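Reviewing the structure listed below.
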Amino acid sequence: MKKASSIEPKNLTAQLHYRGEGNPPSSHPSTAVSNCYPGLEMDFRNVWKHIFEGIVLLEYSNLVTGVEPGADEKIQRLVSSGIQYELISADGIPMTAPVTGPFRHSPEKIHDTISLEWSNALAEILPKAGQFVLCKFQNNNNLREILSIDLKVRHFFDVDLNRNGKVVSQRVVIARELAGPGDLTQSLCSPWQNDYRECDCFYWAASRPDFVNVEPGKDGKSKGNNWMQKDRTESGDKKYISDAEDGIAGNPVLISYQDLFAAWEENLRFIIAGKDEPLKKSVKKVKVLKKKKSK
Amino acid sequence: MKPVNPSFHLFESKGQHILIPDGSRIYKISKNIHQKLEELLEKDDVIEIDRWLIENDLQSLGKINDQPVSDPPLTSISLAIAQKCNLGCSYCYAQEGEFGVKPKNMPLEKAIAAVDLLFAQNMGAHKMNIAFLGGEPLANREALQAVTRYAKERSEAESKRINFSITTNGTLLTEDDADFFKKYGFSVTVSLDGVGEIHDRLRPFKGGKGSYERIIRNVEPLLALQKNMQVSARVTVTPLNLCLKETLDELIRLGFHSVGFSPMLSSPGGNNEMDSVSLETMLENMIACGQEFEKNLVAGKRYPFSNMSTALKEIHRGTHRPYPCGAGAGYLGVSASGELAACHRFVEDKKGYFGNLEEGIDRERQQAWLTERHVHRQEPCKSCWARYLCGGGCHHEVINRGRPACDYIRGWLNYVLQAYIRILDQRPDFFYPA
Chain A
1 MKKASSIEPK
11 NLTAQLHYRG
21 EGNPPSSHPS
31 TAVSNCYPGL
41 EMDFRNVWKH
51 IFEGIVLLEY
61 SNLVTGVEPG
71 ADEKIQRLVS
81 SGIQYELISA
91 DGIPMTAPVT
101 GPFRHSPEKI
111 HDTISLEWSN
121 ALAEILPKAG
131 QFVLCKFQNN
141 NNLREILSID
151 LKVRHFFDVD
161 LNRNGKVVSQ
171 RVVIARELAG
181 PGDLTQSLCS
191 PWQNDYRECD
201 CFYWAASRPD
211 FVNVEPGKDG
221 KSKGNNWMQK
231 DRTESGDKKY
241 ISDAEDGIAG
251 NPVLISYQDL
261 FAAWEENLRF
271 IIAGKDEPLK
281 KSVKKVKVLK
291 KKKSK
Chain Z
1001 MKPVNPSFHL
1011 FESKGQHILI
1021 PDGSRIYKIS
1031 KNIHQKLEEL
1041 LEKDDVIEID
1051 RWLIENDLQS
1061 LGKINDQPVS
1071 DPPLTSISLA
1081 IAQKCNLGCS
1091 YCYAQEGEFG
1101 VKPKNMPLEK
1111 AIAAVDLLFA
1121 QNMGAHKMNI
1131 AFLGGEPLAN
1141 REALQAVTRY
1151 AKERSEAESK
1161 RINFSITTNG
1171 TLLTEDDADF
1181 FKKYGFSVTV
1191 SLDGVGEIHD
1201 RLRPFKGGKG
1211 SYERIIRNVE
1221 PLLALQKNMQ
1231 VSARVTVTPL
1241 NLCLKETLDE
1251 LIRLGFHSVG
1261 FSPMLSSPGG
1271 NNEMDSVSLE
1281 TMLENMIACG
1291 QEFEKNLVAG
1301 KRYPFSNMST
1311 ALKEIHRGTH
1321 RPYPCGAGAG
1331 YLGVSASGEL
1341 AACHRFVEDK
1351 KGYFGNLEEG
1361 IDRERQQAWL
1371 TERHVHRQEP
1381 CKSCWARYLC
1391 GGGCHHEVIN
1401 RGRPACDYIR
1411 GWLNYVLQAY
1421 IRILDQRPDF
1431 FYPA
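Taken in order, these protein sequences are the chains called A and Z. Quick note on numbering: the first sequence equals residues 1 to 295 in our numbering. Quick note on numbering: the second sequence equals residues 1001 to 1434 in our numbering.
Here's what the structure looks like:
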């Protein structure tokens, strides 16, 4: 793109707010229809999974879900023989907080712990990138067993280091070693599971258009289909089914869970220039491929 | 240099660049774009400028809106621990240390009450600052030391971090002070307005005798002890001490951790205030110091010119603010008698009165201050590209004299922006602390 090459962000705020190289404007957290839980374009929680060298973590419960190849023996213990370990503190910063208070429908009071959100809890660790910090892990089956291991903190942003490991320059881009291919999107909602159908206002699927095959009507209003309508053909009823007026749950004109599990690709299809991609085309392509194969 | 357009500022440094004030964003731009923007400036068509910025993803992000800060936590206080001074500097905002009233010391119980207010109003902040100013704070050494110990003990008991700083004229410093400051990790700033006679002319003892030699003799043990504490020099620039480069070189040679300059823009009787001609000279000399800083940085040598290093780091981060400083927001001054002021300069001044230690912060007055002092309400700041880097200028100086130094501020910022691009290219590691 000509424009991108003639405007080059220099300082940190400029880098943060200018379009990412190679990415569309909708990929910016500020412009995307995103949140972080789980997010629509990407699941931001995933950038923390590899923040400590040697282990892979799961934010929801601070659970160690894996160790990296070549990790030393002490680290290997974290995933050994069916025992589950949770990260409870890093560099003295707790990863959980105690919760006490009334319990619904019960005279009992609740005394428990809740996992903290990592973008806050781990923020103070970031200046220690490149250094070792003391991490404490608790055995899920035996809460008294605490393993203390020094782990190296990875750089969160893409950096250049000199021979001594000192940062000499930094870009406002998430470091590659924190997010391998597919990492950032792997926990997004999936059409072949319940996710798309589950959300009444289609928020989880908001990066997809939900008002499709739209045409201007003679009365000056627009007419089109709800993206989940079963019949989205020319001859079908072009009426947007709204959550408020028509009700989504159990509405027979909409694609059901079962329909999605069985054939989500055929039922949903790509939307190109605002319209459903014609099914025939894709079917034809499949047939051509099959013919070639049979030769 | 005039504020040609509030939407952007163009500058040249190894190619053409643009500063977008909103978010203090800096971009390198091609010659064609630069030419197009020059044309837009010529036409001065606000709608067309906005459209161009939007089309090129450089639009305003609304980083700073018209809303004033409300009910800010109190994270810093300064104590006018001694409202008296042994020097007789003609330009002193505190009128030779006494703020126009009877000289007095702050009683220890008032100082402790001020620290209690800080702990009560910090709203959970983990870092706090206590600054000792005056007058000459070491004229009330006993209370200064006692309240420091009290604040330190309280911070440790509550697992909070507290930083201490002192601005002193250096004449009363002793070796024991050095040990005390080291123990509590003070940032020490010594006011020095030049070398030898130049300093003596501006900062004499009340009897008229020069103070430079005494100060340097007193400061030497502190300079030797710098590790836990930092000892910096602050130079107030008047038409009588415009020889910045010589002053900077000598103070660095003496071993100060950093040296910074600040123009005298408003003094009680108008004595030694900078006029437009002396501000022009100051700008030239500041740039000469900046160029020396650049030369040393590239050669890997230390040259602690704090105006330059602070401005460069703020520009790199894209610092943008609706106020020039925290005065009246997260920072308040406390007078010897326990009145709260917008900052150390507004002690005993009704224009910046914010309540007292007994009744607490006057939130109504504070809110009125924060509304009125917002840079969007200031003229000519609203139409200036430098408004979010400058914040509108020192409240005390602006309220008392107006804004005589806008061209100087813009000229300095324009130079630092150019230097930023050069340093980013040659020494990018400068922007990443060890």
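For each residue, glycine too, the CB sits at the ideal point set by N, CA and C. Being a predicted model, the structure only gives us computed values, none of them experimental.
Local conformation of residue i per DSSP, three classes
{"i": "Asp1193/Z", "result": "coil"}
{"i": "Val1298/Z", "result": "helix"}
{"i": "Asp1429/Z", "result": "helix"}
{"i": "Phe157/A", "result": "strand"}
{"i": "Thr1174/Z", "result": "coil"}
{"i": "Leu1199/Z", "result": "In the sequence as presented, Leu is not what sits at residue 1199/Z; that position holds His. Residue state, collapsed to three classes: helix."}
{"i": "Val1188/Z", "result": "strand"}
{"i": "Ile7/A", "result": "strand"}
{"i": "Ile55/A", "result": "strand"}
{"i": "Ser302/A", "result": "Residue numbering for chain A in the displayed model covers 1 to 295; residue 302/A lies beyond these limits and cannot be assessed."}
{"i": "Lys1063/Z", "result": "coil"}
{"i": "Tyr1027/Z", "result": "strand"}
{"i": "Pro1137/Z", "result": "helix"}
{"i": "Glu1142/Z", "result": "helix"}
{"i": "Phe270/A", "result": "coil"}
{"i": "Asn140/A", "result": "coil"}
{"i": "Phe1180/Z", "result": "helix"}
{"i": "Ser1383/Z", "result": "helix"}
{"i": "Gly1355/Z", "result": "strand"}
{"i": "Lys166/A", "result": "coil"}
{"i": "Ala14/A", "result": "helix"}
{"i": "Arg1153/Z", "result": "Reading the sequence as shown, one finds Glu at residue 1153/Z and not Arg. Looking at Glu1153/Z - three-state DSSP - the assignment turns out to be helix."}
{"i": "Val1069/Z", "result": "coil"}
{"i": "Met1/A", "result": "Summary for Met1/A: the model assigns pLDDT 39, below 50, so the residue's position carries little reliability; its value from the coordinates is reported in the next sentence. DSSP places Met1/A in coil when its eight states are reduced to three."}
{"i": "Lys1014/Z", "result": "coil"}
{"i": "Lys109/A", "result": "strand"}
{"i": "Phe1099/Z", "result": "coil"}
{"i": "Phe44/A", "result": "helix"}
{"i": "Gly1391/Z", "result": "coil"}
{"i": "Phe1205/Z", "result": "strand"}
Identified DSSP bridge partners for residue i
{"i": "Cys135/A", "result": "Ala90/A, Ile149/A"}
{"i": "Phe1305/Z", "result": "Val1259/Z"}
{"i": "Lys1104/Z", "result": "Gln1083/Z"}
{"i": "Gln84/A", "result": "None, per the DSSP bridge assignment."}
{"i": "Ala97/A", "result": "Ile114/A"}
{"i": "Ala1131/Z", "result": "Ser1078/Z, Ser1165/Z"}
{"i": "Ile125/A", "result": "DSSP output for Ile125/A lists no bridge partner at all."}
{"i": "Val64/A", "result": "Leu57/A"}
{"i": "Phe103/A", "result": "Ser106/A"}
Supposed close pair residue i, residue j - CB separation, criterion 8 Å
{"i": "Asp43/A", "j": "Ser187/A", "result": "4 Å"}
{"i": "Phe1008/Z", "j": "Gln1418/Z", "result": "Going by Cβ atoms, the distance from Phe1008/Z to Gln1418/Z rounds to 16 Å, so no, they are not a contact pair."}
{"i": "Glu86/A", "j": "Ser61/A", "result": "6 Å"}
{"i": "Asn1272/Z", "j": "Ser1090/Z", "result": "6 Å"}
{"i": "Val1416/Z", "j": "Ile1252/Z", "result": "About 19 Å; that fails the 8 Å criterion."}
{"i": "Val1147/Z", "j": "Thr1168/Z", "result": "Between Thr1168/Z and Val1147/Z the Cβ distance is about 16 Å, and since that is not below 8 Å, they are no contact."}
{"i": "Gly66/A", "j": "Val79/A", "result": "6 Å"}
Partners in chain Z for residue i, counting only beta-carbon separations shorter than 8 Å
{"i": "Leu12/A", "result": "His1316, Arg1317, Gly1318"}
{"i": "Ser6/A", "result": "Ile1029, Ser1030, Asn1032, Ile1033"}
{"i": "Pro107/A", "result": "In chain order: nothing, as chain Z lies at least about 32 Å away."}
Interface partners of residue i on chain A, CB under 7 Å
{"i": "Pro1428/Z", "result": "Val168, Ser169"}
Interface partners of residue i on chain Z, CB under 7 Å
{"i": "His17/A", "result": "Gly1023, Arg1025, Leu1061"}
{"i": "Ser187/A", "result": "In chain order: nothing, as chain Z lies at least about 29 Å away."}
{"i": "Pro209/A", "result": "Chain Z residues near Pro209/A: none, gap ~23 Å exceeds 7 Å."}
Within chain Z, partners of residue i - CB distance below 9 Å
{"i": "Pro9/A", "result": "Arg1025, Ile1026, Tyr1027, Lys1028"}
Cross-chain neighbours of residue i in chain A, by beta carbon under 9 Å
{"i": "Ile1421/Z", "result": "Lys10"}
{"i": "Leu1413/Z", "result": "Result: empty, since nearest Cβ-Cβ is about 13 Å, beyond 9 Å."}
{"i": "Leu1424/Z", "result": "Lys10, Asn11, Ser169"}
{"i": "Tyr1432/Z", "result": "Val159, Lys166, Val167, Val168, Ser169, Gln170"}
heavy atom of the ligand FAD below 7 Å from residue i C-beta
{"i": "Pro181/A", "result": "Absence of the ligand FAD is noted for the structure shown, with no ligands found whatsoever."}
If we require 3 or more residues per run, which beta strand (DSSP E) segments fall completely within the stretch 1207 to 1287 of chain Z?
Taking 3 residues as the minimum length, the beta strand (DSSP E) runs contained wholly in the stretch 1207 to 1287 of chain Z are 1230 to 1237, 1258 to 1263, in order along the chain.
Please specify which runs of the alpha helix (DSSP H), each continuous and at least 4 residues long, are wholly inside the stretch 188 to 260 of chain A, giving them in chain order. As for any alpha helix (DSSP H) of minimum length 4 sitting wholly inside the stretch 188 to 260 of chain A, the runs are 195 to 198, ordered along the chain.
Requested in this report: Ignoring anything shorter than 3 residues or poking outside the stretch 1323 to 1353 of chain Z, list the beta strand (DSSP E) runs there in chain order.
Outcome: If we require 3 residues or more, the beta strand (DSSP E) runs fully inside the stretch 1323 to 1353 of chain Z come out as 1331 to 1334, 1339 to 1341.
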